[in-house]
Structures are given as C-alpha cells and as structure tokens.
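Novice: Just so it is clear: in the sequence shown, position 165 is 165 by the UniProt record's numbering, and no numbers are missing.
Every residue, glycine too, gets a C-beta built ideally from N, C-alpha and C.
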Amino acid sequence: MSDILRIEHVPLTAADMALLRRCSRGKTLAAIAGLVMFLLLVATVLVIALLAWSEWRSLGGGDGVMVLLVGIGAGVGAIFFGRRLLRLPRAWGSVGRALKGRAPKQIVSGHLTGFGPGQRPGLSYVFGGQRVDVAVPFWNEVTSDTRSGARPVGAVALTDLPVRLHVLPLQPDAPGLLLGVDYPMSGQAVTSLEAISDADRDQVRGEELAVRKFFLWSALAMLAVSLFVPPLILLAALLALMGWVLGMRSPRLKRARYKHGVRGVVEEVVTYRLHMPNSPTVSLAHNYRVGGVMYRIDHLGPVATPGQRVEFEYVDAGPLGQRGLFFRIEDQPAMTL
C-alpha cells in the first residue's frame, strides 16, 4: 500500500467558512479578558517592585520570600498573557483572509493506518510512515494559537482505508485547522432539517423537570437526615439550588426554530475530559464524526464505537451553541442527554 500523501489546494466552501465563523465567535471578548488579566498582573508586579524598593529594610526573611514568590508568579503570568496577546494580530489576520476567500485549504489524501491524540492539543492522523497533526474546531484556540487548547483523553477511528483530510493552514509553524474528513462511507450519511414541534419542546421540558425533581427529592432526603446530622443542611440547600438551576428552561431551545437530524456510521470518536470550575467534578465530552462532520453529543450510557450506526437530533441556537435532543445507537434504546 502506498504511503505517498497527495495534497491539493482548493478554495474554501460555504460550509467551511460557516464552521470557521463559529470557531471565531467571541474572539473580541477573549482578547479583552486576556488584556485585563495582563494589565492586572503587570500592575501587581509594579506594586510589588515598588514595595520591595521602599520597604526592603522592614521586610523580614519570611515576608521577603513571600513577596518575591508572589512577584515571580505574577511576572510569569504576565509573560504568558503577553505572548498570547502578541499572537492575536497574526492569528486574526489569518482567519480574516480565509473568510474573505484569500486562503485556500489543503486536501490531504492517503491510506489511513493510525489515529489518536496528537503530541500537542489536537489529533494525529498516520499514513504509513507519515504523520499529519491537526487542530480541532472548538477544542483548539483558532483565533490565537492552534497549538494551544484541550488534548483529548481518547481518540479512535476506522483505519486501513483511504481518507481525505480538509485542512486550513492558519500559521506556518502550527497545525492546520481540521475542517472535515472524507471517509468511504461519509456519503451514505443522511441529514435532515425540520421545524421543532411542540412534542420536541415537551420532551425536553419533561427531561428538565425530571432532573429538577431528582435534585429536589435528594435535597428533601438530606434535609431529613440533617435533623440528626445538622451540617448536612448545607448539602440540602446546595442540592435544591442545583435542581432549580438545572431544571430551568433551556435558552437554546427557546431561540432555536429548527432541529437537525443525522443518521449514519460513526467514523471517529474523540473524547475530552471537562473539569467543572471550582469543583472536583469531571465529565466526559464525546465527539462523533458522522458523514465527515464532527458533532459533540453529551449523553449518558455506553459510547458508540467506530463502525456502529447512530442516529441523533440537535438544535443550533447560534451563539448559545448546540443542544442534543436524543442519541441512539442502532438496535439500542435512546439515551438520556
């Protein structure tokens, strides 16, 4: 089997540009947040330097070491955010040229022999003795540096078959952005677009209320136990608050008017680990490539494997993101989302 890679340069399609626009949403807010953090850290370094200069005689051994460590930490943070800010103009320029049709994408064709997480955040496709590292939309930082982002904890795919990678090079020294992958069975996937029905809204609302009831009943149980173990009343209050928040109506479903349906063979499964802020809780985010397109579907139950047929529906609420309606593996019941 030939290991030679064939590379073609072709213009971006409308679907490619739509994906790139979605990846670059919120770049201004992210830049402002980075600038604020940089200025705060620089101000911290300056204040510590001024304090050390004016009060250096009164600083004892322990206090002096603490001030020095805080200053070093703030300085390292300022350098980190400063380097990120310096990369923004170049990255934004690359994205802007691509959206104006001035930057072609590469179609890399070959016989896929291996697949997995990349050495950097992203994915790695192996064609015999050659490796192609790519950045993943929404998981790598497209508008700053595609070498940064989240690294998957697991990645499996169908191999030993011909594939075509659609890659958009954004920076010469960084992995290109993976826009799509053509597998031999990609053309067999079926997609649909339908208006959201009242039954869909009722189904989602029922799931939200079921979650609320679960947490409220758990809160009542903790409240009863707190009669004997008083500190558990705090846990009861937390469970009640979580039930109220998680049981609220989904803003995504409020804004969405249409639902998307997808049915086909799973070509890739990429899993990321998500850490909840200020919490030890960890969850897994499953991404399935079906029909050459990657979809993120958060669900409970078993994970589909490459080669299995799946069917799912989701709504797209623009800036609010996507929300799954249901997910089902062939010959298995629908899973809870």
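#1: Starting from the Cα of M242, find the closest Cα among R21, L177, P172 and L216 and give me that residue.
#2: Drop a sphere of 10 angstroms on the beta-carbon of M66, count the other beta-carbons inside from all chains shown, and report buried for 16 or more, exposed for fewer.
#3: Provide the residue span of the alpha helix (DSSP H) that contains I107, from first to last.
#4: Within 10 angstroms of its Cβ, does R323 collect 16 or more other Cβ (buried), or is it exposed?
#5: Is K100 buried or exposed, if buried means 16 or more other CB atoms sit within 10 Å of its CB?
#6: Taking the C-alpha atoms as reference points, what is the distance between D200 and D133?
#7: Do you know how far the Cα of A14 is from the Cα of V225?
#8: Spatial neighbours of C23 within its chain, please: CB distance less than 7 angstroms, with the 5 preceding and 5 following residues excluded, ordered by chain position.
#9: Identify the continuous alpha helix (DSSP H) that holds R201 and give its terminal residues.
#10: Would you call F127 buried or exposed, if buried means 16 or more other Cβ atoms sit within 10 Å of its Cβ?
#11: Can you give me the C-alpha to C-alpha distance between L209 and Q203, rounded to a whole angstrom?
#12: Considering only C-alpha positions, which residue in the set V153, L325 and M294 is nearest to L19?
#13: Which whole-angstrom value is the C-beta distance of L12 and A98, which I expect to be below 8 angstroms?
#14: Give the C-beta separation of A91 and S144 to the nearest angstrom, bearing in mind that I take them to be a contact with Cβ-Cβ under 8 angstroms.
#15: Strictly by DSSP, which residues pair up with M248?
#16: Closest by CA to E313, which one among L235, I196, R147 and T44?
#17: Tell me the rounded alpha-carbon separation between M1 and E267.
#18: With C-beta atoms as the reference, is F38 less than 8 angstroms away from A78?
#19: Excluding the 5 residues preceding and the 5 following V45 in the sequence, name in chain order all residues of the same chain whose CB lies nearer than 8 angstroms to its CB.
#20: For Q119 versus G176, is the C-beta spacing smaller than 8 angstroms?
#21: Please say whether L170 and P94 have beta carbons closer to each other than 8 angstroms?
#22: Since V156 and F115 are thought to touch, with beta carbons under 8 angstroms apart, how far apart are those beta carbons, to the nearest angstrom?
#23: Can you tell me whether I7 is buried or exposed? The criterion is at least 16 other CB atoms within 10 Å of its CB, across all chains shown.
#24: Name the residue from L179, A174 and L161 whose alpha carbon lies nearest to the alpha carbon of R147.
#25: From F81, M248, R249 and A221, pick the residue whose C-alpha is nearest to that of A237; which is it?
#26: Looking only at C-alpha atoms, which of V211, G307 and V167 sits nearest to L239?
#27: Nearest CA to the CA of L161: which residue from D182, G154 and V167?
#28: Which runs of the beta strand (DSSP E) fall wholly inside the segment 108–190 and span at least 3 residues, in chain order?
#29: Considering only DSSP beta bridges, list what H286 is partnered with.
#30: Do you know offhand how far G149's Cα is from L227's?
#31: Going by DSSP in three states, A91 sits in which element: helix, strand or coil?
#32: How big is the Cα-Cα spacing for L193 and G291?
#33: Is it the case that the Cβ atoms of K259 and V310 are separated by a distance below 8 angstroms?
#34: Mark G307 as exposed unless 16 or more other C-beta atoms lie within 10 angstroms of its C-beta, in which case mark it buried.
#35: Counting only the same chain and skipping the five closest in sequence on each side, list residues whose C-beta sits under 7 angstroms from that of H9.
Specialist: Checking against the coordinates, here is how it stands:
#1: To locate residue 242, count along the sequence shown from 1; it is residue 242. It is L216 whose Cα lies nearest to the Cα of M242.
#2: Position 66 of the sequence shown holds residue 66. By the 10 Å Cβ count, M66 comes out exposed.
#3: Taking the sequence shown and counting its residues from 1, the one referred to as residue 107 is at position 107. Taken as a continuous stretch (DSSP letters only), I107 belongs to no alpha helix (DSSP H), being part of the beta strand (DSSP E) at K105 to L112.
#4: Counting from one through the sequence shown, the residue named residue 323 turns up at place 323. Looking at its Cβ environment, which holds 16 or more other Cβ atoms inside 10 Å, R323 is buried.
#5: In the sequence shown, residue 100 corresponds to position 100, counting from 1. So K100 ends up on the exposed side.
#6: Within the sequence shown, numbered from 1, the residue matching residue 200 stands at position 200. Within the sequence shown, numbered from 1, the residue matching residue 133 stands at position 133. So the two alpha carbons sit approximately 40 angstroms from each other.
#7: Counted from its first residue, the sequence shown places residue 225 at position 225. Counted from its first residue, the sequence shown places residue 14 at position 14. Cα-Cα distance, rounded: 58 angstroms.
#8: As a first step, residue 23 must be located in the sequence shown, where it is residue number 23. Hits under 7 angstroms: P137, F138 and V142.
#9: Walking along the sequence shown from the start, residue 201 turns up at place 201. Where R201 is concerned, the enclosing alpha helix (DSSP H) stretches over D198 to V225.
#10: Counting from one through the sequence shown, the residue named residue 127 turns up at place 127. Answer is buried; the Cβ neighbour count reaches 16.
#11: For the purposes of this step, residue 209 is identified with residue 209 of the sequence shown, where counting begins at 1. For the purposes of this step, residue 203 is identified with residue 203 of the sequence shown, where counting begins at 1. Put simply, the backbone Cα of L209 is about 10 angstroms away from that of Q203.
#12: The count along the sequence shown starts at 1 and reaches residue 19 at position 19. Closest option to L19, Cα to Cα, is M294.
#13: Residue mapping note: residue 12 aligns to position 12 of the sequence shown, counting from 1. Residue mapping note: residue 98 aligns to position 98 of the sequence shown, counting from 1. Yes, L12 and A98 are in contact; Cβ-Cβ is about 6 angstroms, under 8 angstroms.
#14: Here residue 91 refers to the residue found at position 91 of the sequence shown. Here residue 144 refers to the residue found at position 144 of the sequence shown. 5 angstroms between Cβ atoms; contact.
#15: Stepping through the sequence shown from its first residue, residue 248 is reached at position 248. M248 has no beta-bridge partner at all, per DSSP.
#16: As a first step, residue 313 must be located in the sequence shown, where it is residue number 313. Per the Cα distances, I196.
#17: Taking the sequence shown and counting its residues from 1, one reaches residue 1 at position 1. Taking the sequence shown and counting its residues from 1, one reaches residue 267 at position 267. Low local confidence applies: a pLDDT of 46 at M1 is under 50, so the model's placement there is unreliable, with the coordinate-based value given in what follows. Cα to Cα, the separation comes out at about 21 angstroms.
#18: Here residue 38 corresponds to residue number 38 of the sequence shown, with the count starting at 1. Here residue 78 corresponds to residue number 78 of the sequence shown, with the count starting at 1. Yes, these two residues count as a Cβ contact at 8 angstroms.
#19: Residue 45 sits at position 45 when you count from the first residue of the sequence shown. Hits under 8 angstroms: G71, A74, G75 and A78.
#20: Numbered from its first residue, the sequence shown carries residue 119 at position 119. Numbered from its first residue, the sequence shown carries residue 176 at position 176. Cβ distance not < 8 angstroms, so Q119 and G176 don't count as in contact.
#21: Position 94 of the sequence shown, counted from the first residue, corresponds to residue 94. Position 170 of the sequence shown, counted from the first residue, corresponds to residue 170. Checking the sequence shown, residue 94 turns out to be Ser, not Pro. Taking 8 angstroms as the Cβ cut-off, S94 and L170 qualify as a contacting pair.
#22: To locate residue 156, count along the sequence shown from 1; it is residue 156. To locate residue 115, count along the sequence shown from 1; it is residue 115. With 8 angstroms as the limit, V156 and F115 qualify as a contact, their Cβ atoms being about 7 angstroms apart.
#23: On the sequence shown, position 7 is the one that residue 7 refers to. The residue is exposed, with fewer than 16 neighbouring Cβ atoms inside 10 Å.
#24: Stepping through the sequence shown from its first residue, residue 147 is reached at position 147. Nearest of L179, A174 and L161 to R147, Cα basis: A174.
#25: On the sequence shown, residue 237 is found 237 positions in, with the first residue counted as 1. Here the closest residue by C-alpha is A221.
#26: Mapped onto the sequence shown, residue 239 falls at position 239. For the residues V211, G307 and V167, the minimum Cα distance to L239 belongs to V211.
#27: The residue labelled residue 161 in the question sits at position 161 within the sequence shown. Here the closest residue by C-alpha is D182.
#28: DSSP runs (the beta strand (DSSP E)) wholly in the segment 108–190: 114–117, 123–127, 130–135, 145–149, 154–157, 161–168 and 176–182.
#29: Residue mapping note: residue 286 aligns to position 286 of the sequence shown, counting from 1. H286 pairs with T271.
#30: Locating residue 149 in the sequence shown gives position 149, counting from the first residue. Locating residue 227 in the sequence shown gives position 227, counting from the first residue. For G149 and L227, the distance between alpha carbons rounds to 47 angstroms.
#31: Counting from one through the sequence shown, the residue named residue 91 turns up at place 91. Three-state DSSP puts A91 in a helix.
#32: As a position in the sequence shown, residue 193 is number 193, starting the count at 1. As a position in the sequence shown, residue 291 is number 291, starting the count at 1. When rounded, the distance between both Cα atoms is 15 angstroms.
#33: By 1-based counting over the sequence shown, the position of residue 259 is 259. By 1-based counting over the sequence shown, the position of residue 310 is 310. Not a contact, by the Cβ cut-off of 8 angstroms.
#34: If you number the sequence shown from 1, residue 307 lands on position 307. Per the 10 Å Cβ criterion, exposed.
#35: Counting from 1 along the sequence shown, the entry for residue 9 is found at position 9. Cβ neighbours of H9 beyond the five flanking positions: P104 and Q106.
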